[in-house]
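*Asks:* Quick one: the structure is below, and I'll ask about it shortly.
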Amino acid sequence: MSVLVIGGAGYVGSVVVERLAKTGRKTVVLDNLSTGHREAVEPHVTFVEGDAANADLLEHLMREFRVQSVMHFCALSLVPESVERPLAYYDNNVRSGIGLLAAMKRCEVGMFIFSSSAAVFGEPAENPIADDAPSRPSSPYGHTKAMFEQILRDCSHAEKIRSVSLRYFNAAGATDKYGEDHSPESHLIPIVLDVAMGRREAVGVFGRDYPTPDGTCIRDYIHVSDLADAHVRALEALEKGGETTAYNLGIGHGFSVFDVIRAAEEIACRKIPMIDRPRRPGDPACLVASSERIREHLHWHPQVVDLRRIIDSAWKWKQAHPNGYAQKSKEHGESPDIAVS
Ligand code: UDP
């Protein structure tokens with residue numbers, strides 16, 4: 001029996017795989033390495049290089065490894081990009097996802113953990129955002145996540161696939177081994193730390209005229225290891241027969257772009273230059289989670305709730321991996337256990 005983790009070589013997926021391995025579960029990672037990194041997968045975990053849209057491959061893996069549950073991390077996930085390329089987002093995040101559920105049905109795999117997003121709420125009427133707040137996405141990305149949550153609710157009884165949708169707010173930080181390495185990088189914390197390391201000249205602040213105390217956007221930054229813990233708890237709940245549901249995942253406190261920059265300045269002990277930039281399309285002013293439902297149902301409590309500790313973990317990882325995973329992959333010539341063209 002095993003867990004198939006699709007997109008397990010990416011940022012959040014790699015940390016979840018690390019955590020799953022600690023629970024002793026047999027884990028198989030499928031990733032096409034379009035944005036993920038081979039070196040981000042725990043060395044003793046089976047790694048298959050291939051595409052989640054390849055139905056034959058999915059079926060083969062589900063049967064070969066006697067897969068019982070699937071975790072899905074392989075979405076396109078940038079709000080501004082989704083505004084510019086909506087078809088790519090609906091194709092990857094919805095169409096491929098349906099293909100995956102169909103393959104699960106054919107193989108009688110009945111448990112699914114879905115990486116959803118705060119983007120399903122769009123510009124919320126109030127913060128913190130309750131688990132049952134209305135879903136009103138303000139970007140194609142948010143729509144893909146809301147649609148897929150709906151598909152999962154519909155599949156629950158009819159197709160016998162029970163699922164937990166985990167709506168990440170802003171994943172941040174690193175474990176000792178695995179951290180954030182996107183190319184090109186677009187996320188605030190790694191960009192701020194790149195500036196602190198002298199690898200960029202300044203951080204662009206996307207809008208300082210939002211209706212927030214300092215005019216910059218407020219987000220709920222949640223440590224990636226707390227996200228990983230939530231995945232394992234969600235899986236355990238499904239294994240015990242739990243019903244389909246969705247949970248908001250954040251620490252319940254918001255920090256502005258300026259808060260993040262100031263905290264990084266303290267950690268790195270240096271000034272971080274900023275430049276004013278226009279607002280990014282699709283960016284809500286404030287997104288803070290109420291994670292009451294998962295706290296109550298699964299007794300999940302985030303362990304790293306201090307912004308400085310979150311940023312400090314990312315800073316340590318960056319210093320240990322100044323070129324992200326790139327340097328290491330060239331040195332070691334890592335390859336998949338199974339490669340599929
Ligand atoms: N942001 C910024 N400059 C950057 C990157 C991000 O001002 O170079 C802002 C962005 O507008 C948002 C917040 O930082 O308000 C977090 O953005 P990020 O891309 O990290 O995550 P998102 O909230 O889009 O998932």
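Sequential numbering from 1 applies to the sequence shown in the numbering used here. C-beta: ideal position from N, C-alpha, C; glycine also.
Could you give the DSSP three-state label for H72: helix, strand or coil?
*Replies:* Here H72 sits in strand by DSSP.
*Asks:* Under 6 Å from any heavy atom of ligand 1, by CB: list those residues in chain order, please.
*Replies:* Spelled out in chain order, the answer is V79, N170, S186, H187, L188, I191, V203, G204, V205, F206, C217, R219, V257, R280, D283.
*Asks:* Report yes or no: do three or more beta-carbon pairs, one from the region 302–322 and one from the region 187–200, lie closer than 8 Å?
*Replies:* Touching, yes.
*Asks:* Cutting at 6 Å between CB atoms, please list the residues of its own chain near P190, excluding the five before and the five after it.
*Replies:* Correct list, in chain order: E180.
*Asks:* Roughly how many angstroms separate the alpha carbons of R85 and I261, rounded to a whole number?
*Replies:* Computed Cα separation, rounded: 30 Å.
*Asks:* Do V48 and V17 have their C-beta atoms closer together than 8 Å?
*Replies:* Not a contact, by the Cβ cut-off of 8 Å.
*Asks:* Could you tell me if L238 is buried or exposed, where buried requires 16 or more neighbouring beta carbons within 10 angstroms of its beta carbon?
*Replies:* By the 10 Å Cβ count, L238 comes out buried.
*Asks:* Whether or not the region 286–305 and the region 222–242 are in contact is what I'm after, with contact meaning three or more pairs of Cβ atoms, one per stretch, closer than 8 Å; do they touch?
*Replies:* Touching, yes, given that three or more Cβ pairs across the two stretches are closer than 8 Å.
*Asks:* Can you tell me whether Y11 is helix, strand or coil according to DSSP?
*Replies:* Helix, per DSSP.
*Asks:* Could you give the C-beta distance for N248 and R309, rounded to a whole number, given that I count them as a contact under 8 Å?
*Replies:* Between R309 and N248 the Cβ distance is about 21 Å, and since that is not below 8 Å, they are no contact.
*Asks:* Scan the region 170–195 and note each continuous beta strand (DSSP E) run of 3 residues or more that stays entirely inside, going in chain order.
*Replies:* Fully enclosed beta strand (DSSP E) runs of 3 or longer: 170–172.
*Asks:* Using the C-alpha atoms, what's the distance from K105 back to E159?
*Replies:* Looking at the two C-alpha atoms, the distance is approximately 7 Å.
*Asks:* Give me, in chain order, the residues of the same chain whose beta-carbon lies closer than 7 Å to that of S135; leave out the 5 immediate sequence neighbours on both sides.
*Replies:* Taken in chain order, the residues that qualify are V120, F121, A146.
*Asks:* Taking C-beta to C-beta, are A314 and I218 nearer than 8 Å?
*Replies:* For A314 and I218, no; Cβs fall outside 8 Å.
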